[in-house]
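In the UniProt record's numbering, the protein residues as written are 1 to 486.
We treat Cβ as the ideally placed atom computed from N, Cα and C, and that holds for glycine.
Computed from a predicted structure; not experimentally measured.
Below you'll find the structure, written out as structure tokens, and then a few comments.
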């Protein structure tokens, strides 16, 4: 009778903690690249819109490239396994390209656009190697639902921790660094890049993959011509793709515009209030992720998803009410963030676990196991979501007038006078912003994401049927098949 080998604790913690370095790098790249270009370099409107279009096109291409990378990884045969070679190569190459993206080469106009385009496309293609390798290792460790939820939650906790460290402290550093924001971002890119590489070296050398009867089943190499069949014949995977795309697009728009909200709507340039808010965000999300395994066992995954969406909706409504109904201060902004990001934390880890479950569902339904192809869907959807996010963010900043009338003048003032006091910068901002700009910002940051997240939940409840009971039946049947073949 085939058996399932357990995943050892040392490998579990090395794998999970390595997510800190990965998400520190990705948070700098995804959250602060536009901030670097607007607040440090000071792009004019047309270049900012061009950057938004380039990012969107590159993300769509990169999303398509992810699935091809998934097949390449699934077909890799080496003494280090199929995941680790790509994991390490991707970490080193993407860290180098990310560093280059955070440099001001002094280029203007179309030369800047051309160089940025090349670097941005390369950044996505190199990070894809690491991203798909890292996350597609996860479902191969175990098919035990409780252990899978435990590993997934732990990895998401450390990933979120890495993200929060960067989100919270980068504004403090670049807005107060004596050498100015341009030099500050260069230092950040070097330090975070080295942490990223070190974390992945640890996974390469110290994580041992168990020989699981289901996850390490022998099969022929995956053919590129079967790619669409692998994805679209797995109906539960398709549901998750649509749900994640809508949810992530809404969530990413909110987080990308957050620093602009604090700098220009709340008028708290300097980073201190944003750091406090990021701490609230970290506590709420990490608590939610930690509680997920317990809540999942007590009330079931569908009810956890419902709870998460309810919290997200309440959080958005509170955010929209600040200044217009509720007082504009850190207390009410903090409460809104606490509720919003607690709900988001539940959904974040739930989606990871559900995506892993669709691998066994596809194996059961189609007769082939495709870990990396299925988990390439996560970065695929993430990149599609960020494509939409960047279009919304850049268009909001450009067409609201925030970029040309507020952000660029402030950036020029700070770059010409790095010793400018925070109080002086806030006074300058208050003379430049107007209510129309801030309404644009709030509609993009709150109303549009709320609509997208509600749509995500409706699709999930309507079409997703792979619950805990069905999953247990599938894994039991797969073990019988493996035993019969042996």
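For residue 301, which of 348, 267, 318 and 430 has the nearest alpha-carbon? 348
Beta carbon of residue 232 nearer than 7 Å to that of residue 36: no
Given that a residue counts as buried once 16 or more other Cβ atoms are within 10 Å of its Cβ, and exposed if not, what is residue 22? Residue 22 comes out buried.
Limits of the alpha helix (DSSP H) - the one that residue 15 falls within: If you look at residue 15, you'll find it in the alpha helix (DSSP H) that goes 9-17.
Cβ contact check for the segment 162-181 and the segment 129-147: 3 or more pairs under 8 Å: no
Three-way DSSP call (helix, strand, coil) for residue 397 in this model: helix
Give the DSSP-derived three-state secondary structure of residue 60 in the structure shown. Reduced to three states, the DSSP call for residue 60 is helix.
Among the residues of its own chain, which have a CB less than 6 Å from the CB of residue 337, if the five just before and after it don't count? 277, 280 and 281
My guess is that residue 382 and residue 234 are in contact by the Cβ rule of under 8 Å, so how many angstroms apart are they, rounded? The Cβ separation is near 19 Å, so there is no contact.
Using DSSP bridges, identify the partner residues of residue 53. Per DSSP, none; premise fails for residue 53.
Residues in its own chain within less than 7 Å of residue 352 by CB, not counting five upstream and five downstream? 152 and 156
Which class does residue 326 belong to by DSSP, given the choice of helix, strand or coil? DSSP places residue 326 in strand when its eight states are reduced to three.
When you compare each of 479, 483 and 484 to residue 144 by their alpha carbons, which one comes out closest? 479
By a C-beta neighbour count over all protein chains shown, 10 Å radius and 16 as the cutoff for buried, is residue 499 buried or exposed? A query on residue 499 cannot be resolved here, the shown segment of the chain reaching from 1 to 486 and no further.
Taking residue 258 as the reference, which of 18, 86, 148 and 32 has the closest Cα? With distances taken between Cα atoms, residue 258 lies closest to 32.
Please classify residue 150: does DSSP put it in a helix, a strand, or coil? helix
Scan the segment 303-371 and note each continuous alpha helix (DSSP H) run of 4 residues or more that stays entirely inside, going in chain order. 330-366
Nearest neighbour of residue 343, chosen from 362, 361, 306 and 366 [CA to CA]: 306
Spatial neighbours of residue 1 in its chain, beta-carbon cut-off 7 Å, leaving aside the 5 residues before and after: Because residue 1 carries a pLDDT of 44, less than 50, the predicted location of this residue cannot be relied on, and no value is offered for it.
Report the start-end ranges of each alpha helix (DSSP H) in the segment 87-170 that is 4 residues or longer and not cut off at the edges. 109-137
Between 54, 241 and 149, which has its C-alpha nearest residue 460's C-alpha? 241
Under the three-state reduction of DSSP, which class applies to residue 383: helix, strand or coil? helix
Assess contact between the segment 461-474 and the segment 430-446, defined as three or more Cβ pairs (one per stretch) separated by less than 8 Å. Is contact present? no
Helix, strand or coil: how does DSSP classify residue 416 here? helix
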